[in-house]
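Engineer: Numbering that gives the first Met the number 0 applies: residue 0 is where the sequence shown begins, and numbers increase by one. We treat Cβ as the ideally placed atom computed from N, Cα and C, and that holds for glycine.
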Amino acid sequence: MNRRQRLGQHFLVDLGVARAVAEALPCEPPRVLEIGPGRGALTRELVRRFPRVLTIEVDARLAAALPARLGASGQLEVVTADALLVDLVALCGEVPWLAAGNLPYSVATPLLRRFLEAGERFSAAVFMVQQEVAERLVAPPGASDRGLLTLEVEAQARAELLFRVPPRCFQPRPKVVSAVVRLTPVQGGTTPPETQHALDVAAKAFQHRRKTIVNALAASYPRELVAAAVAGAGLAATARAQELSLAQWQLLAAALPAAERGR
Numbered sequence: 000m001n002r003r004q005r006l007g008q009h010f011l012v013d014l015g016v017a018r019a020v021a022e023a024l025p026c027e028p029p030r031v032l033e034i035g036p037g038r039g040a041l042t043r044e045l046v047r048r049f050p051r052v053l054t055i056e057v058d059a060r061l062a063a064a065l066p067a068r069l070g071a072s073g074q075l076e077v078v079t080a081d082a083l084l085v086d087l088v089a090l091c092g093e094v095p096w097l098a099a100g101n102l103p104y105s106v107a108t109p110l111l112r113r114f115l116e117a118g119e120r121f122s123a124a125v126f127m128v129q130q131e132v133a134e135r136l137v138a139p140p141g142a143s144d145r146g147l148l149t150l151e152v153e154a155q156a157r158a159e160l161l162f163r164v165p166p167r168c169f170q171p172r173p174k175v176v177s178a179v180v181r182l183t184p185v186q187g188g189t190t191p192p193e194t195q196h197a198l199d200v201a202a203k204a205f206q207h208r209r210k211t212i213v214n215a216l217a218a219s220y221p222r223e224l225v226a227a228a229v230a231g232a233g234l235a236a237t238a239r240a241q242e243l244s245l246a247q248w249q250l251l252a253a254a255l256p257a258a259e260r261g262r
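1. Starting from the C-beta of P29, find all residues in its chain whose C-beta is less than 7 Å away, skip the five residues before and the five after it, and write them out in chain order.
2. Given that a residue counts as buried once 16 or more other Cβ atoms are within 10 Å of its Cβ, and exposed if not, what is L14?
3. Go through its chain and collect everything with a Cβ distance to Q249's Cβ below 6 Å, but skip five positions before and after it.
4. Quick one, which of V225, D58 and A19 has its alpha-carbon nearest I34's?
5. Identify, in the order they occur along the chain, each residue of the same chain with its Cβ nearer than 7 Å to the Cβ of T108, setting aside the five sequence neighbours on each side.
6. At which residues does the beta strand (DSSP E) containing Q155 begin and terminate?
7. Can you name the start and end residues of the alpha helix (DSSP H) that R222 belongs to?
8. So, does the region 116–129 touch the region 191–207, judging by three or more C-beta pairs under 8 Å?
9. Three-state secondary structure (DSSP) at R239?
10. What residues in its chain sit with their C-beta under 7 Å from that of D81, if we drop five residues either side in the sequence?
11. Can you tell me whether T237 is buried or exposed? The criterion is at least 16 other CB atoms within 10 Å of its CB, across all chains shown.
12. Could you have a look at P36 and say whether DSSP puts it in helix, strand or coil?
13. Smallest Cα separation from G100: which of A89, Q206, Q170 and G37?
14. Excluding the 5 residues flanking G39 on each side, which residues of the same chain have their C-beta closer than 6 Å to its C-beta?
15. Over what stretch of residues does the beta strand (DSSP E) that includes F49 continue unbroken?
16. From A158 to A204, what distance separates their C-alpha atoms?
17. For a test of the three-state rule: what should DSSP assign to T79, helix, strand or coil?
18. Any idea which residues DSSP pairs E159 with across the strands?
19. For C168 and P95, I'd like the C-alpha separation in whole angstroms.
20. What separation, rounded to the nearest whole angstrom, lies between the Cα atoms of G231 and R135?
21. Thinking C-alpha only, which one of G73, Q241 and S219 is nearest A257?
22. Anyone know if the C-beta pair for Q241 and R208 falls short of 8 Å?
23. Please classify L273 as buried or exposed, where buried requires at least 16 neighbouring CB atoms within 10 angstroms.
Structure representation (structure tokens):
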């Protein structure tokens with residue numbers, strides 16, 4: 000089993016879908032970074048639309064074959080590397096980029112987090128991921144699939160679920176449906192300290208998502224302090240982590256010191 004198989008990579012073969020993904024990107028800036036080009040179905044469409052395309056491919060054989068497969072000239076650059084390990088900010092330099100890619104199922108979440116960390120370098124991104132992940136990215140407060148990743152995205156970008164992609168569009172065919180999402184990072188780049196604190200508090204609560212927030216956070220803060228913070232944020236004592244908006248987490252976390260430890 001090669002690395003791509005271990006990662007759960009399924010090659011996109013439907014050219015109509017590849018075209019739709021490329022067309023979902025804005026026209027500017029004229030540079031796009033593609034993560035995981037594989038056999039180049041999406042890359043071909045990107046090369047047709049953008050003066051410069053930079054791809055990151057972990058499979059050395061696929062990376063070596065890509066320029067000849069597409070007949071691309073100097074506008075295509077292929078980097079053979081693991082996108083989870085590449086410094087995206089350093090790779091992109093000081094100018095803004097777009098991003099795109101058919102993300103391997105097993106590493107889609109950490110790759111999305113890497114993108115968010117480098118959000119200051121990107122104007123927008125269109126990614127294909129497992130439908131379950133896509134729905135988590137846009138899950139509203141109260142949805143069962145709302146989680147920490149949802150909040151991380153809300154803190155740094157606007158997420159849109161554009162369309163779903165059936166298994167027949169890939170080779171080999173996956174057992175699940177995929178979906179295409181567009182992420183538009185908010186201006187400012189870095190996450191403000193108060194927002195990061197709210198995410199840290201939420202992360203503790205999501206470790207025990209079936210418990211109320213008071214019970215979930217009791218291992219990290221005195222129960223009385225958590226109960227007062229929950230009440231001060233206007234929340235019910237029975238509220239659970241997935242029910243809160245980012246703004247509510249920020250309000251709740253403001254009453255909990257970052258350095259507090261359990262008793």
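Structural biologist: Reading it off the structure:
1. F49, P50 and R51
2. exposed
3. A197
4. D58
5. V132 and L148
6. Careful: Q155 lies outside any beta strand (DSSP E), inside the alpha helix (DSSP H) at L147 to Q155.
7. R222 to G231
8. no
9. strand
10. V57
11. exposed
12. coil
13. G37
14. L65, R68 and L69
15. Looking at the DSSP string, F49 is not in any beta strand (DSSP E), and its letter there is neither H nor E.
16. 23 Å
17. strand
18. R181
19. 31 Å
20. 28 Å
21. S219
22. yes
23. In the structure as shown, the chain begins at 0 and stops at 262. Residue 273 is therefore absent and cannot be evaluated.
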